[in-house]
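Chemist: In my numbering, the protein residues as written are 4 to 578.
Even glycine gets a Cβ: it sits at the ideal position worked out from N, Cα and C.
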Ligand SMILES: Cc1cc2nc3c(=O)[nH]c(=O)nc-3n(C[C@H](O)[C@H](O)[C@H](O)COP(=O)(O)OP(=O)(O)OC[C@H]3O[C@@H](n4cnc5c(N)ncnc54)[C@H](O)[C@@H]3O)c2cc1C
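#1: Once the 5 residues before and after residue 246 are set aside, which same chain residues still bring their CB inside 6 Å of it?
#2: How long is the line joining the alpha carbons of residue 130 and residue 417, rounded to whole angstroms?
#3: Hey, could you find the ends of the alpha helix (DSSP H) residue 424 is sitting in?
#4: Return the chain-ordered list of same chain residues with a C-beta closer than 7 Å to the C-beta of residue 323, the five sequence neighbours on each side being excluded.
#5: Does the Cβ of residue 76 have 16 or more other Cβ atoms within 10 Å, making it buried, or fewer, making it exposed?
#6: Is residue 438 helix, strand or coil when you go by DSSP?
#7: According to DSSP, simplified to helix, strand and coil, what is residue 148?
#8: May I ask whether a heavy atom of ligand 1 can be found less than 8 Å away from the beta carbon of residue 557?
#9: What do you get for residue 447, buried or exposed, if any count of 16 or more other CB atoms within 10 angstroms of its CB means buried?
#10: Using the Cα positions of residue 78 and residue 427, report the straight-line distance between them to the nearest angstrom.
#11: Between the Cα of residue 357 and those of 396, 381 and 386, spot the shortest distance and give me the residue it belongs to.
#12: Which class does residue 131 belong to by DSSP, given the choice of helix, strand or coil?
#13: Mapping DSSP to helix, strand and coil, what is residue 229?
#14: Since residue 482 and residue 308 should fall inside the 8 Å C-beta cutoff, what is the C-beta to C-beta distance between them, to a whole number of angstroms?
#15: Give the list of continuous beta strand (DSSP E) stretches no shorter than 3 residues that lie fully inside the segment 466 to 515.
#16: Between the alpha carbons of residue 198 and residue 47, how many angstroms are there, rounded?
#17: Taking 8 Å as the cut-off, does the segment 400 to 410 touch the segment 261 to 278 (at least 3 CB pairs, one atom from each stretch)?
#18: Quick check: the Cα distance between residue 318 and residue 280, rounded to an integer number of angstroms?
#19: Cβ of residue 17 within 8 Å of any heavy atom in ligand 1?
#20: Just mark residue 228 as buried or exposed, buried being the case when its beta carbon has 16 or more other beta carbons within 10 Å.
#21: How big is the Cα-Cα spacing for residue 550 and residue 337?
#22: What are the partner residues of residue 353, as DSSP defines its beta bridges?
#23: With respect to 8 Å, is the separation between the Cβ of residue 261 and the closest non-hydrogen atom of ligand 1 below this value?
#24: CA-CA distance, residue 108 and residue 315?
#25: Do the segment 30 to 40 and the segment 10 to 19 make contact, defined as three or more Cβ pairs closer than 8 Å?
#26: Based on Cα-Cα distance, which residue from 7, 543 and 135 lies nearest to residue 251?
#27: Are residue 210 and residue 27 touching if we call contact CB-CB under 9 Å?
#28: Between which two residues does the beta strand (DSSP E) holding residue 264 run?
#29: Between which two residues does the beta strand (DSSP E) containing residue 448 stretch?
#30: Please determine whether the Cβ atom of residue 100 lies at a distance below 8 Å from any heavy atom of ligand 1.
#31: Would you say the segment 439 to 454 touches the segment 56 to 71, given that touching needs at least three Cβ pairs under 8 Å?
#32: Taking only three categories from DSSP, how would you classify residue 276?
#33: For the segment 5 to 81, list the beta strand (DSSP E) runs that are entirely contained and at least 3 residues long, ordered along the chain.
#34: Look at residue 456 and residue 372 and say whether their C-beta atoms are less than 9 Å apart.
#35: Smallest Cα separation from residue 261: which of 375, 547 and 556?
#36: CB of residue 197 to nearest heavy atom of ligand 1: below 8 Å?
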């Protein structure tokens, strides 16, 4: 067919979740999902949790990069995004958690009616099916399977006692809106075969026959018309044009679910965005929306890593000798349904506020840095972030204790290493993503402005110093013999700064580029996720997030899709 009721552009995390719910809630509607990447349902590198990371740079990745980032020594950072049915939910690292209640409430406080912890937590619970025992807030009948990892390696056993020794309490109820503390967290593994649970395998099979999925098909633009003569004040999306020129019509709505990098570009290609960007690319502006592609926010991280003492084994052989016999034996075990290193995903986490990592005075000084950077000229988003820096319930630093080496320096070649990732939950830097005027359908220009203010730099340094403090605290201190990264020679403030500028990387969580905010505050969509100035074009994915959450973001993306589905179904039923 070339005509559907709903055309959904992007079969990723949100796109597949939304399409499945629409198919179930509107059984008489025809729904089409168009996905640029292939379906790869049998791909072991996607399905095997322990092979996460092995698909980065592959055909399943859009393989974008940032512009040279001035404040991190001009380095260019990879921007990995899923180019496969399931999108980034097929590529991600399977961390499955939620942010603090205050952060979701903050979305509502920014002018987004109906968006808060109550509505988002209900939506996230709706998408979850938890297996295990827990007093925490979990869903038990949603599509996305979650569980506690059955393989928490012995080399991570020191985590909770070490954090407790530092005065950080164990938190067993980190999903309920108060994640501060040290915890063993959940992962999106389906325990039936210990495989990745993601949108394409967990939502899509539930859909009815009224949902059609087109893969390996890229949308070039949304077709938008002016029906003023017919009495409509707002512009209408009539459908989409594919890269090969084929036109597909939408009777009711077009929904962009192409992610934080894809969706703003599609709006621009369709004539919706900043005058300057569109003019440079020779695209006629239909709606002036200066917020399109702006407000890009991302988590940043550095790594402290340590060589374990003899007797401890880490996951390194599965990454750095993945063609070797030991790794092959683990894969065989996993394929036979037995517990294996292939089950391992991140398990041990700390979510901390500024006082916990930097002390009272340190926290004050960091907040002063943030205010100095943005205090006078700041937007409402900046002000909300600054306000939450002082909220003790809102995590500002995440530490993940990993059973393997990951970092900037490179694996030393042999040995069993562990890593303490430290990540800033709310960097003050914001950047942009726009189409390239010289090649609008090519790779976008992505500039996150990493570390472009003193708060991001100083908070990253404080977090990395705190990670060293953790490593030097018992019982963890007795498990390792050598600090590999940053290395014991890094001691002075100048050396820490040099380390952080040289090591800062993304944590793969770009959001905010089609922000849900009032139009006057740079918003692109309203609280129904409808693009301003249009009657029937929505954006439903990570790009609508107004302020980056402290959690890994897939749970929120599923929640956004669930809320959007309810809104679209309600509108259709009331028509
Ligand atoms: C390497 C990596 C690790 C991560 N780790 C975690 C983690 O452990 N936990 C966590 O919670 N989050 C993690 N994330 C983040 C999380 O997975 C993503 O933020 C989330 O999945 C994004 O969902 P989305 O629906 O916005 O976009 P996506 O899932 O990326 O979906 C967008 C889809 O649109 C398609 N598309 C784009 N443009 C077009 C077009 N023009 N035509 C047709 N189709 C198009 C894309 O191919 C893609 O399938 C990670 C992300 C990455 C990349």
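Modeler: By the coordinates alone:
#1: Position 243 of the chain shown, counted from the start, is the residue given in the question as residue 246. Taken in chain order, the residues that qualify are 221 and 223.
#2: The count along the chain shown starts at 1 and reaches residue 130 at position 127. The count along the chain shown starts at 1 and reaches residue 417 at position 414. Whole-angstrom Cα-Cα distance: 41 Å.
#3: As a working note, residue 424 is residue 421 in the chain shown. First-last for residue 424: 420 to 427, but that is the beta strand (DSSP E), not the alpha helix (DSSP H).
#4: If you number the chain shown from 1, residue 323 lands on position 320. 414.
#5: Residue mapping note: residue 76 aligns to position 73 of the chain shown, counting from 1. Burial call: exposed.
#6: Against the chain shown, residue 438 aligns to sequence position 435. Looking at residue 438 - three-state DSSP - the assignment turns out to be coil, as it is neither helix nor strand.
#7: Position 145 of the chain shown, counting from 1, holds the residue named residue 148. In the structure shown, residue 148 sits in a strand (DSSP, three-state: E or B).
#8: If you number the chain shown from 1, residue 557 lands on position 554. Within the cutoff, so yes.
#9: As a first step, residue 447 must be located in the chain shown, where it is residue number 444. Counting the other CB atoms within 10 Å of its CB gives residue 447 a total of 16 or more, which places it among the buried residues.
#10: Translated into positions along the chain shown, residue 78 becomes position 75. Translated into positions along the chain shown, residue 427 becomes position 424. The alpha-carbon atoms of residue 78 and residue 427 are separated by roughly 19 Å.
#11: For the purposes of this step, residue 357 is taken as the residue at position 354 of the chain shown. Among 396, 381 and 386, the Cα nearest to that of residue 357 is on 396.
#12: Within the chain shown, the letter at position 128 stands for residue 131. DSSP places residue 131 in strand when its eight states are reduced to three.
#13: For the purposes of this step, residue 229 is taken as residue 226 along the chain shown, with counting starting at 1. If DSSP states are grouped into helix, strand and coil, residue 229 belongs with coil.
#14: Taking the first residue of the chain shown as 1, we reach residue 482 at position 479. Taking the first residue of the chain shown as 1, we reach residue 308 at position 305. Incorrect: roughly 13 Å between the Cβ atoms, too far for contact.
#15: 483 to 488
#16: Reading the chain shown from its first residue, position 195 is the one you call residue 198. Reading the chain shown from its first residue, position 44 is the one you call residue 47. Each residue's Cα considered, the two are about 9 Å apart.
#17: no
#18: To locate residue 318, count along the chain shown from 1; it is residue 315. To locate residue 280, count along the chain shown from 1; it is residue 277. About 46 Å.
#19: Translated into the one-based positions of the chain shown, residue 17 becomes position 14. Flag set: Cβ of residue 17 near ligand 1.
#20: As a first step, residue 228 is located in the chain shown; it is residue number 225 there, counting from the start. By the neighbour-count rule (16 or more Cβ atoms within 10 Å), residue 228 is not buried but exposed.
#21: For this step, residue 550 is matched to residue 547 along the chain shown. For this step, residue 337 is matched to residue 334 along the chain shown. The alpha-carbon atoms of residue 550 and residue 337 are separated by roughly 39 Å.
#22: Sequence index remark: in the chain shown, residue 353 carries index 350 (1-based). Paired residues: 185 and 402.
#23: For the purposes of this step, residue 261 is taken as the residue at position 258 of the chain shown. Yes, the Cβ of residue 261 comes within 8 Å of a heavy atom of ligand 1.
#24: Here residue 108 refers to the residue found at position 105 of the chain shown. Here residue 315 refers to the residue found at position 312 of the chain shown. Those two C-alpha atoms are separated by around 43 Å.
#25: yes
#26: Reading the chain shown from its first residue, position 248 is the one you call residue 251. For residue 251, the nearest C-alpha among the options comes from 7.
#27: Numbered from its first residue, the chain shown carries residue 210 at position 207. Numbered from its first residue, the chain shown carries residue 27 at position 24. Result yes, Cβ atoms of residue 210 and residue 27 sit closer than 9 Å.
#28: One-based indexing of the chain shown puts residue 264 at position 261. Premise fails: residue 264 lies in the alpha helix (DSSP H), 262 to 272, not in any beta strand (DSSP E).
#29: Residue mapping note: residue 448 aligns to position 445 of the chain shown, counting from 1. Residue 448 -> beta strand (DSSP E) spans 448 to 450.
#30: As a working mapping, residue 100 is identified with position 97 in the chain shown. At least one heavy atom of ligand 1 is nearer than 8 Å to the Cβ of residue 100, so yes.
#31: yes
#32: As a working note, residue 276 is residue 273 in the chain shown. Residue 276: strand per DSSP, three-state reduction.
#33: 6 to 12 and 34 to 37
#34: Residue numbering aside, residue 456 sits at position 453 when the chain shown is read from its first letter. Residue numbering aside, residue 372 sits at position 369 when the chain shown is read from its first letter. For residue 456 and residue 372, yes; Cβs fall inside 9 Å.
#35: Taking the first residue of the chain shown as 1, we reach residue 261 at position 258. That would be 547, whose Cα lies nearest to the Cα of residue 261.
#36: Within the chain shown, the letter at position 194 stands for residue 197. Flag unset: Cβ of residue 197 not near ligand 1.
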